[in-house]
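Report on the following structure.
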Amino acid sequence: MKNSILWDCHMHSSFSADSDTDMENMIKGAISRGLEGVCFTEHLDPDYPPTPDQQIFHLDLDAYARRLSFLREKYKDSIMINFGIEYGLQPHLKENLKNHLKLYPFDFVIGSSHVIHGSDPYYGEYFKGREESQGYMEYFESILENLDVFSEMDVYGHIDYIVRYGPNKNLYYSYERYQDILDEILRTLVRKNIGIELNTGGYHYGLGEPNPCTAVIRRYRELGGEIITVGADAHSPEKISFAFDKAAKVLSDCGFRYYTVFKNRKPEFIRLS
1 MKNSILWDCH MHSSFSADSD TDMENMIKGA ISRGLEGVCF TEHLDPDYPP
51 TPDQQIFHLD LDAYARRLSF LREKYKDSIM INFGIEYGLQ PHLKENLKNH
101 LKLYPFDFVI GSSHVIHGSD PYYGEYFKGR EESQGYMEYF ESILENLDVF
151 SEMDVYGHID YIVRYGPNKN LYYSYERYQD ILDEILRTLV RKNIGIELNT
201 GGYHYGLGEP NPCTAVIRRY RELGGEIITV GADAHSPEKI SFAFDKAAKV
251 LSDCGFRYYT VFKNRKPEFI RLS
């Protein structure tokens, strides 16, 4: 199937602590790939634990909003640019994030699990003293803990993010192995009218699958899920719209005839051509 997905709705620039790419270079990269639109979803991860590489997760939201507004106007005849945020969810942050949402006119809000009980699996320390399967299960349990107290996001980001960093990645991981808890997550999302994303980061992490994997996306659709955005989780221009041809086929194979883009926090459904 040709690439019929023309919006990348999950990307970062140097406003996120884990990217050093200027926002304008990301926009130019998206234009060069023929995209109709992008949504920047810079990281906001309050109470992020100290990291081995001394990474400081800070986001200057005022500067981010000003720069995006300027570039949106500058490139208005070439590409649409939406204003998003990716919240790093933790249960104790619920009031902080709810109040934060009132301050900025976001188009799109991703809620993601990065930190699980004080540790990010991106760093290998998370798996010390844990079986891989135990670490995966604790991660999925943390998603339910977040959903129990916070429902204000538009989609839940890269639901099986942890698989990118497991000791064996997805060698022993499958939807079927964790079906009970994954089904509980998906049913909760459907009930709360929260979507999911097809995050192609899994492909450039060598999983051969998106995040979440195809079987989870298919199950979400079977359970009545309708809202699904697509993003490459790009932190540099060469990853923009990465493997979107594969993403289009996954969506089609899972029963979707469209993907979703959010504007002013409202979903717009775009048909796959």
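Going by the UniProt record's numbering, the final residue of the sequence shown carries number 273, and the count climbs one at a time with no gaps. Glycine included, every Cβ here is placed at the ideal spot set by N, Cα and C.
When K76, Y104, I5 are compared, the shortest CA-CA separation from N264 is found for Y104. Under the three-state reduction of DSSP, A30 is assigned to helix.
Secondary structure note for G201: its alpha helix (DSSP H) is the uninterrupted segment 201 to 204. Around E209, the same chain offers N170, G202, Y203 as residues with beta carbons nearer than 8 angstroms, after the five sequence neighbours per side are excluded. With a cutoff of 9 angstroms on beta-carbon distance, D183 and Y173 are scored as not near each other.
Non-local beta-carbon contacts of L6 in its own chain, meaning distances under 6 angstroms to residues more than five positions away in sequence, involve L35, E36 in chain order. For T229, the enclosing beta strand (DSSP E) stretches over residues 228 to 231. DSSP, reduced to helix, strand and coil, places T260 within a strand of the structure shown. Residue pairing by DSSP places M80 opposite G37 in a beta bridge.
Between N199 and I227, the gap from beta carbon to beta carbon reaches 9 angstroms or more. Fewer than three Cβ pairs drawn from the stretch 121 to 131 and the stretch 80 to 97 lie within less than 8 angstroms of each other, which leaves the two stretches out of contact.
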